[in-house]
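Trainee:
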Amino acid sequence: MNLTLHVWRQNGPADEGRFVTYRVEGASAHMSFLEMLDHLNEQLIKKGEDPIAFDSDCREGICGMCGFMINGEPHGPLPATTVCQLHMRHYQDGDELWLEPWRAAGFPVIKDLVVDRSAFDRIIAAGGYISVRTGSAPEANSTRVPKINADAAMDAAECIACGACVAACPNASAMLFTAAKVAHLALLPQGQPERYLRVVEMVNQQDADFGHCTNHGACQNACPKAISTDYIAMLNGDLRRAKFRRPTDLD
Amino acid sequence: MELNARIPAGPIQQKWDNHRFNLKLVNPANKRRHDIIVVGSGLAGASAAATMGELGYKVHCFCFQDSPRRAHSIAAQGGINAAKDYTNEGDSIWRLFYDTVKGGDYRAREANVYRLAQISVNIIDQCVAQGVPFARDYAGYLDNRSFGGAQVSRTFYARGQTGQQLLLGAYQALQRQVKLGNVKMYTRHEMLDLVVVDGAARGIVTRDLVTGAITSHVADAVVLATGGYSNVFYLSTNARGCNATAIWRAYKKGAGFANPCFTQIHPTAIPPHGEGQSKLTLMSESLRNDGRVWVPKTPGDKRPPNEIPESERDYYLERLYPSFGNLVPRDVASRRAKEMVDQGKGVGPSGIGVYLDFRDAIQRLGRTVIEERYGNLFDMYMNITGENPYEVPMRIYPAPHYTMGGLWVDYNLMSTIPGLHVIGEANFSDHGANRLGASALMQGLADGYFIIPLTIGDYLATARPAKLDASHPAFREAEAAVREQTRRLLSINGSRTVTEFHRELGSIMWNYCGMARTAQGLEKALDLVRDLRQQFWEDVKVPGDSGNINMELEHASRVADFLELGELMCRDALHRNESAGGHFREEYQTPEGEAKRNDEEFAYVAVWEYAGPDAPPVLHKEPLEFEYVHLAQRSYK
Numbered sequence: 000m001n002l003t004l005h006v007w008r009q010n011g012p013a014d015e016g017r018f019v020t021y022r023v024e025g026a027s028a029h030m031s032f033l034e035m036l037d038h039l040n041e042q043l044i045k046k047g048e049d050p051i052a053f054d055s056d057c058r059e060g061i062c063g064m065c066g067f068m069i070n071g072e073p074h075g076p077l078p079a080t081t082v083c084q085l086h087m088r089h090y091q092d093g094d095e096l097w098l099e100p101w102r103a104a105g106f107p108v109i110k111d112l113v114v115d116r117s118a119f120d121r122i123i124a125a126g127g128y129i130s131v132r133t134g135s136a137p138e139a140n141s142t143r144v145p146k147i148n149a150d151a152a153m154d155a156a157e158c159i160a161c162g163a164c165v166a167a168c169p170n171a172s173a174m175l176f177t178a179a180k181v182a183h184l185a186l187l188p189q190g191q192p193e194r195y196l197r198v199v200e201m202v203n204q205q206d207a208d209f210g211h212c213t214n215h216g217a218c219q220n221a222c223p224k225a226i227s228t229d230y231i232a233m234l235n236g237d238l239r240r241a242k243f244r245r246p247t248d249l250d
Numbered sequence: 000m001e002l003n004a005r006i007p008a009g010p011i012q013q014k015w016d017n018h019r020f021n022l023k024l025v026n027p028a029n030k031r032r033h034d035i036i037v038v039g040s041g042l043a044g045a046s047a048a049a050t051m052g053e054l055g056y057k058v059h060c061f062c063f064q065d066s067p068r069r070a071h072s073i074a075a076q077g078g079i080n081a082a083k084d085y086t087n088e089g090d091s092i093w094r095l096f097y098d099t100v101k102g103g104d105y106r107a108r109e110a111n112v113y114r115l116a117q118i119s120v121n122i123i124d125q126c127v128a129q130g131v132p133f134a135r136d137y138a139g140y141l142d143n144r145s146f147g148g149a150q151v152s153r154t155f156y157a158r159g160q161t162g163q164q165l166l167l168g169a170y171q172a173l174q175r176q177v178k179l180g181n182v183k184m185y186t187r188h189e190m191l192d193l194v195v196v197d198g199a200a201r202g203i204v205t206r207d208l209v210t211g212a213i214t215s216h217v218a219d220a221v222v223l224a225t226g227g228y229s230n231v232f233y234l235s236t237n238a239r240g241c242n243a244t245a246i247w248r249a250y251k252k253g254a255g256f257a258n259p260c261f262t263q264i265h266p267t268a269i270p271p272h273g274e275g276q277s278k279l280t281l282m283s284e285s286l287r288n289d290g291r292v293w294v295p296k297t298p299g300d301k302r303p304p305n306e307i308p309e310s311e312r313d314y315y316l317e318r319l320y321p322s323f324g325n326l327v328p329r330d331v332a333s334r335r336a337k338e339m340v341d342q343g344k345g346v347g348p349s350g351i352g353v354y355l356d357f358r359d360a361i362q363r364l365g366r367t368v369i370e371e372r373y374g375n376l377f378d379m380y381m382n383i384t385g386e387n388p389y390e391v392p393m394r395i396y397p398a399p400h401y402t403m404g405g406l407w408v409d410y411n412l413m414s415t416i417p418g419l420h421v422i423g424e425a426n427f428s429d430h431g432a433n434r435l436g437a438s439a440l441m442q443g444l445a446d447g448y449f450i451i452p453l454t455i456g457d458y459l460a461t462a463r464p465a466k467l468d469a470s471h472p473a474f475r476e477a478e479a480a481v482r483e484q485t486r487r488l489l490s491i492n493g494s495r496t497v498t499e500f501h502r503e504l505g506s507i508m509w510n511y512c513g514m515a516r517t518a519q520g521l522e523k524a525l526d527l528v529r530d531l532r533q534q535f536w537e538d539v540k541v542p543g544d545s546g547n548i549n550m551e552l553e554h555a556s557r558v559a560d561f562l563e564l565g566e567l568m569c570r571d572a573l574h575r576n577e578s579a580g581g582h583f584r585e586e587y588q589t590p591e592g593e594a595k596r597n598d599e600e601f602a603y604v605a606v607w608e609y610a611g612p613d614a615p616p617v618l619h620k621e622p623l624e625f626e627y628v629h630l631a632q633r634s635y636k
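So the protein sequences, as listed, match chains D and X. Going by numbering that gives the first Met the number 0, 168 is the number at position 169 of the first sequence; the sequence numbering is gapless. Going by numbering that gives the first Met the number 0, 512 is the number at position 513 of the second sequence; the sequence numbering is gapless.
Spelled out as structure tokens, the structure:
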């Protein structure tokens, strides 16, 4: 299968960046999208050109390292699929594709399709945890968790922090990412003591690097783990309650 | 090289307790005066960095990914073992200990394994308290399932994403310490050398993968948590970035490398599709709880699976191992799959694969239950192959997955270089010649949360490392060596890409040092690997420069190390004239085709010492003594 790719090339944060057109020949339908790019890069290296920089690691859709826009869609056209799990059989010979890095002020481009997502780590550092010292945990089965809550917490906890939600959002908001962690911990009994403090701290930190959420819902469509915007509603509920509590209630 | 395992005295049940009492402590106020480097941020590294930071040490944690949350532990699917016996099946610490020693084909150190089984119960408590959303039953209690090599259900799981959830728990604890200022995180940094001063590990040299800056970092102790080396096979279930560089460069600075030939080939991965393949994808062992493995009875039977009648199917694991059935340990299941394919009974377009069939389970339990248990794995399978496993059986084939070998460590998890500690998959200690499913997560977290934070204090209090800074000549020399290697890789400008060399190395290792090995094949592999290494340094093409992101340069430096490590693996496999666990030498097998150990001659850990670029490594032996588990021919019949 042969393809035409227009790839965003940007040699470092200071470079202006531009689309460069490449012809990919001899890709197979069994290849994943990233294997197709590997294939192109091998050809570029042989020709003495600079290969296209893109992030990837596990290549099974769980590490969250990969991700870029294909024809304006984060991770490409398949629902609930990372780009490493997108296979070329979904494309046809002769297709023309535009590849761009995540577009968001909170994710500065480092090179080509590689962006800096350290803002996500800062959101988690702001409060995305339960403060338990190693060694001080009680017997595991002494805390019962209704299955329905455990399942809902797991649905939220599946977030892989790839950044597709931010890239899809017209405001470049990271609210789905933030809400997934807020909800995961708020749904569990272990997360209650820090629940309201956590949501305030995490939202403040998200606001430092990302835009506000105005309920477009594009994030949910783009999410490779199909995380629901219901969790954003839940976050908003908690945030409102947190704002109306007296400081002494924030325990 | 002296191998003192420092196993505490006393009955095995009391060794760890006694040892904890005997360990020297660092006063809480003094802990903040000690800098500790942790390389790697997977389950072992993140849990160690978080816990040591919490104790008050100044921790510097490094990872090559853009965030510590992406380390490859995240991809572990099936679960984590613990001797909780919530299922009332008679499980115990003793049984988990026994299963692990037996599963490892009696090539692990008893005292370490017993400690691991003891700590397993604390890990579950800790993770639940952190909010890890383990699967629960309708009463809200924790649920369990079974894994290979065990006849009890002791595996805790979070759908098919247990590794992800455990890693996120550790990562969140780590980020909390980052916020508190106890841990400094260095992302997109790769360790390229270990610095040894006056015989002790005192720091590392790293390359910033974004700017290319080569920098020294000084500490009082170094902890490597850099995972395994399955990517020596090129195609493996490991993430693309997984590499042996940190442990290999430590080996070249004097750390003993133990049992390098003990590698695990996992039985249930999606078969390779052919050209351009960049990695293999695992299908969790938990699928063997409900899936039945079979091949057609007649070689060359090309009918679609649903047209092959029951009477013409060979459920060979159930036939050969009636008591463990489809849940035999990984080494056994892999070897039998290879045997079926070698007999021409392989399935799928390439003939490389066997069926894992859920038809009966779907009939018995209904599709909803199967979906709930394995839904994400089925989706992943469908994505990759385009086939629907609810309707046609999955095709699976073994793939390199885990390495039991690694840097040698004593009971304190310290290598043969004082101050250099090694935890998680990067060390060799607990799994012998074959790791049981759901035990890697257990070991990573045991080492990181509960062992290294205590034993490192003993080292610091005993060794009392002197103050030092990066102007010391040892750091200057290490930096110069790293710069020189980078320059050399970029200047060769040959005709073959790094991936071409890596793929070729992988195929040599898979063919001669994979699931079945022979003395003759290994001799040949030694020549082939040496030859390939020479070609690499003459003909590799690494584009670009070192002042920017250069993924080809990163890959080249890793492959350079794999090309040396591959040779050591073959050498170790050749010297071990027995079969044990994942190391199957065709010359040594029982009449039924099982691995045949030679306990008289080989009940030891083989520890290799680097002797320079032109001299063969020196073999040292740590004898293994079995006081509590009776050495026997492993049987899963």
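We put the beta carbon where it would ideally sit given N, CA and C, even for glycine. Computed from a prediction, not measured in an experiment: that's the story for all the values here.
Taking only beta carbons into account, state which residues of the segment 10-39 of chain D come closer than 8 Å to chain X, listed in chain order.
Mentor: Asn10, Gly11, Ala26, Ser27, His29, Met30, Ser31, Leu33, Glu34, Met35, Asp37 and His38
Trainee: Thr228 (chain D) versus chain X: which residues are under 7 Å apart at the beta carbon?
Mentor: Those do not exist, as Thr228 (chain D) stays about 20 Å from chain X at its closest Cβ, beyond 7 Å.
Trainee: I need the boundaries of the alpha helix (DSSP H) containing His188 (chain X), first residue and last residue.
Mentor: Where His188 (chain X) is concerned, there is no enclosing alpha helix (DSSP H), although the beta strand (DSSP E) it sits in stretches over His188 to Val196.
Trainee: Which of helix, strand or coil does DSSP assign to Asp341 (chain X)?
Mentor: helix
Trainee: Compare the C-beta of Glu59 (chain D) with all C-beta atoms of chain X and state if any pair is closer than 8 Å.
Mentor: yes
Trainee: Can you give me the Cβ contacts of Glu99 (chain D) inside the same chain, cut-off strictly under 7 Å, excluding the 5 residues immediately before and after it?
Mentor: For Glu99 (chain D), where only same-chain residues beyond five positions count, the Cβ hits under 7 Å are Trp7, Phe67 and Met68.
Trainee: For Cys253 (chain D), I'd like the list of residues in its chain whose CB is within less than 6 Å of its CB, leaving aside the five on either flank, ordered along the chain.
Mentor: Past the boundaries of the shown model lies residue 253 (chain D); chain D is included only from 0 to 250, so the question cannot be answered.
Trainee: I need the straight-line Cα distance from His22 (chain D) to Asn1 (chain D), nearest angstrom please.
Mentor: Note on residue identity: the sequence assigns Arg, not His, to residue 22 (chain D). When rounded, the distance between both Cα atoms is 7 Å.
Trainee: Buried or exposed: which applies to Tyr228 (chain X), given that a residue is buried once 16 or more other Cβ atoms fall within 10 Å of its Cβ?
Mentor: buried
Trainee: Is there a C-beta anywhere in chain D that falls below 8 Å from the one on Tyr448 (chain X)?
Mentor: yes
Trainee: Any chance the segment 168-175 of chain X sits against the segment 115-126 of chain D, with 3 or more Cβ pairs inside 8 Å?
Mentor: Result yes; three or more Cβ-Cβ pairs closer than 8 Å.
Trainee: Where does Gly418 (chain X) land, buried or exposed, given buried means 16+ other C-beta within 10 angstroms?
Mentor: buried
Trainee: Assign Ile147 (chain D) to one of two classes, buried (16 or more other C-beta atoms within 10 Å of its C-beta) or exposed (fewer than that).
Mentor: exposed
Trainee: Have a look at the DSSP bridge pairing and note the partners of Glu608 (chain X).
Mentor: Answer is X:Val617, bridged to Glu608 (chain X).
Trainee: Bridge partners for Arg475 (chain X) per DSSP, in chain order?
Mentor: Arg475 (chain X) is not bridged to any residue.
Trainee: Using the Cα positions of Leu435 (chain X) and Ala70 (chain X), report the straight-line distance between them to the nearest angstrom.
Mentor: Using only the alpha carbons, I get a separation of about 21 Å.
Trainee: To the nearest angstrom, how far is the alpha carbon of Leu184 (chain D) from that of Asn375 (chain X)?
Mentor: Between the alpha carbons of Leu184 (chain D) and Asn375 (chain X) lies a distance of about 22 Å.
Trainee: Need the endpoints of the beta strand (DSSP E) that Arg201 (chain X) sits in, please.
Mentor: Ala199 to Asp207
Trainee: Are the C-beta atoms of His582 (chain X) and some chain D residue less than 8 Å apart?
Mentor: no
Trainee: Reducing DSSP to helix, strand and coil, say where Thr86 (chain X) ends up.
Mentor: coil
Trainee: Determine whether the Cβ of Asn387 (chain X) lies closer than 8 Å to any Cβ atom of chain D.
Mentor: Against chain D, the CB of Asn387 (chain X) has no partner CB under 8 Å away; the residue lies outside that interface.
Trainee: Spatial neighbours of Glu503 (chain X) within its chain, please: CB distance less than 7 Å, with the 5 preceding and 5 following residues excluded, ordered by chain position.
Mentor: Leu531
Trainee: Using a threshold of 8 Å, state whether the C-beta atoms of Leu43 (chain D) and Val82 (chain D) are closer than that.
Mentor: No, these two residues do not count as a Cβ contact at 8 Å.
Trainee: Can you name the residues of chain D whose CB is closer than 8 Å to the CB of Ser277 (chain X)?
Mentor: Ser31, Leu33, Glu34, Asp37 and Arg58
Trainee: So within the segment 104-171 of chain D, which uninterrupted beta strand (DSSP E) runs reach at least 3 residues, ignoring any that extend past its ends?
Mentor: Taking only runs of at least 3 residues, the beta strand (DSSP E) segments lying wholly in the segment 104-171 of chain D are 108-110.
Trainee: In chain order, what residues of the same chain lie with their CB nearer than 7 Å to the CB of Asp136 (chain X), ignoring the 5 residues before and after it?
Mentor: Asp142
Trainee: If we define contact as Cβ-Cβ less than 8 Å, is Asp124 (chain X) a contact residue for chain D?
Mentor: yes
Trainee: Is it true that the CB of Thr236 (chain X) sits closer than 8 Å to the CB of Ala268 (chain X)?
Mentor: yes
Trainee: What does a CB cutoff of less than 8 Å around Asp300 (chain X) pick up in its chain, not counting 5 residues either side in sequence?
Mentor: Ile307, Glu311 and Lys344
Trainee: Would you mind giving the Cβ-Cβ distance between Tyr90 (chain D) and Ala155 (chain D), rounded to the nearest angstrom? I have them listed as a contact below 8 Å.
Mentor: With a Cβ gap of about 32 Å, Tyr90 (chain D) and Ala155 (chain D) do not count as contacting.
Trainee: Using the beta-carbon count (16 or more within 10 Å), is Gln13 (chain X) buried or exposed?
Mentor: exposed
Trainee: In the DSSP assignment, what residue or residues form a beta bridge with Phe155 (chain X)?
Mentor: Phe155 (chain X) is bridged to X:Ile79.
Trainee: If you drop the 5 nearest sequence neighbours on each side, which residues of the same chain put their C-beta closer than 6 Å to that of Arg287 (chain X)?
Mentor: Asn325 and Leu326
Trainee: To which residues of the same chain is Val408 (chain X) closer than 6 Å at the C-beta, ignoring the five residues directly before and after it?
Mentor: Ser414, Val421, Asn426 and Ser428
Trainee: Grab me the residues of Asp250 (chain D)'s own chain with a C-beta within less than 7 Å of its C-beta, minus the 5 sequence neighbours each way, in chain order.
Mentor: The predicted model places Asp250 (chain D) with a pLDDT of 47, which falls under 50 and marks its position as unreliable; any figure quoted below should be read in that light. Pro192, listed in sequence order.
Trainee: Count the other CB atoms within 10 Å of the CB of Asn203 (chain D); is the residue buried (16 or more) or exposed (fewer)?
Mentor: exposed
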